[in-house]
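Since the structure comes first, as structure tokens, the remarks are kept for the end.
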DNA sequence: ATGGCTAAAAGATTTAGA
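Numbering (the numbering used here), first residue to last: 13 to 293.
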């Protein structure tokens, strides 16, 4: 299985280059974030013509997540256990959920497309929401892997956290003043490892940004940040055979501000029979 | 001192992104 994650920043604006990428790169499963539309507005046609099923979750013009898959998806969920909501005026357990998670079972693999809340600012209530959200994700993941330690599980998406100083090439993002780099956000991200998932791209690609702000020539200056990740359980981590960050997708007409991240998984699933001997004649 | 781009709504501005 070739698995990709990409914050597309509006699928309606970028459906052509999104599908072109998936086909050109032979992607089996593409997790998308910031589709910025409701399911009934999603441009299913080009995906289906290219051989993909699509499951989408969106409530309005904000956020929104989806998964495109060549193989059928079952057990689709639009939130994980304990996922907190947020709305002006009321936080807490009664707050409405945002469209930031969609999960599906694909060829035995549980895939989650995740869009972690932006903290906005160190003194903004959204930062506490972001930390709660990550903590709930850790607890839900730990529970799922405690129930089945061998479960092939992938948490992929835009985590909105810059884990290490070397992941930050943007001089406007400063530890002590900015979100994404605070010790609290980094701790919440690293805590996901305690649940049993690990970043399988970093060991293969220690350097590389996944996002460059549209403003102030950030891309030409290469002042990017690394915030998009593929975290997987041990069963899948043992199956990784390659990884790539597709920096060129930040170029050209109307790019997303994020680029795709891809891993190759060889876990003996049923999707890839190219190497099987011909038993019929 | 600065949100300097980009996108979506029911706007000719606001809200959001990180």
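Here a beta-carbon is modelled for each residue, glycine too, at the ideal position from N, C-alpha and C.
It should be emphasised that the depicted structure is a prediction, and the values quoted were computed from it without experimental measurement.
Which stretch, first to last residue, makes up the alpha helix (DSSP H) that contains residue i?
| i | result |
| --- | --- |
| residue 23 | 23-36 |
| residue 141 | 137-159 |
| residue 198 | 195-202 |
| residue 248 | 246-249 |
| residue 61 | 56-61 |
Between which two residues does the beta strand (DSSP E) holding residue i run?
| i | result |
| --- | --- |
| residue 254 | 252-257 |
| residue 67 | 65-69 |
| residue 43 | 41-45 |
| residue 80 | 77-81 |
| residue 273 | 273-277 |
Under a Cβ-count criterion, where at least 16 other Cβ atoms within 10 Å of its own Cβ denotes burial, should residue i be classed as buried or exposed?
| i | result |
| --- | --- |
| residue 264 | exposed |
| residue 226 | exposed |
| residue 142 | buried |
| residue 224 | buried |
| residue 52 | exposed |
| residue 187 | exposed |
| residue 45 | buried |
| residue 82 | buried |
| residue 238 | buried |
| residue 215 | exposed |
| residue 55 | buried |
| residue 180 | buried |
| residue 42 | buried |
| residue 9 | Residue 9 lies beyond the stretch modelled for the chain, which goes from 13 to 293, so this question has no answer here. |
Skipping 5 residues on each side, what residues in its chain have a beta carbon closer than 6 Å to that of residue i?
| i | result |
| --- | --- |
| residue 158 | none |
| residue 322 | Residue 322 lies beyond the range of the chain shown here (13 to 293); nothing can be said about it. |
| residue 48 | 22, 73 and 76 |
| residue 254 | 276 |
| residue 139 | 131 |
| residue 220 | 257 |
| residue 50 | 70 |
| residue 197 | 173 |
| residue 58 | 27 and 31 |
| residue 279 | 251 |
| residue 271 | 222, 258, 259, 261 and 262 |
Who does residue i pair with in a DSSP beta bridge?
| i | result |
| --- | --- |
| residue 180 | 237 |
| residue 189 | DSSP output for residue 189 lists no bridge partner at all. |
| residue 86 | 117 |
| residue 124 | 115 and 167 |
| residue 302 | Within the shown structure, residues of the chain are numbered from 13 to 293, placing residue 302 beyond reach of any answer. |
| residue 221 | Residue 221 pairs with nothing; no bridge assigned. |
| residue 210 | 244 |
Identify, in the order they occur along the chain, each residue of the same chain with its Cβ nearer than 7 Å to the Cβ of residue i, setting aside the five sequence neighbours on each side.
| i | result |
| --- | --- |
| residue 267 | 261 |
| residue 109 | 91, 95 and 97 |
| residue 26 | 20, 266 and 268 |
| residue 67 | 78, 79, 85, 88, 114 and 116 |
| residue 35 | 62 |
| residue 147 | 200 |
| residue 234 | 181 |
I'd like the list of long-range same chain contacts for residue i, defined as Cβ closer than 8 Å, with 5 residues on each side in sequence excluded.
| i | result |
| --- | --- |
| residue 202 | 175 |
| residue 38 | 14 |
| residue 145 | 95, 96, 112, 128 and 129 |
| residue 185 | 174, 192, 193 and 237 |
| residue 155 | 93 |
Just to check my reading of the structure: residue i and residue j have Cβ atoms closer than 8 Å, yes? What is that Cβ distance to the nearest angstrom?
| i | j | result |
| --- | --- | --- |
| residue 71 | residue 111 | 5 Å |
| residue 17 | residue 169 | 5 Å |
| residue 242 | residue 212 | 6 Å |
| residue 210 | residue 244 | 7 Å |
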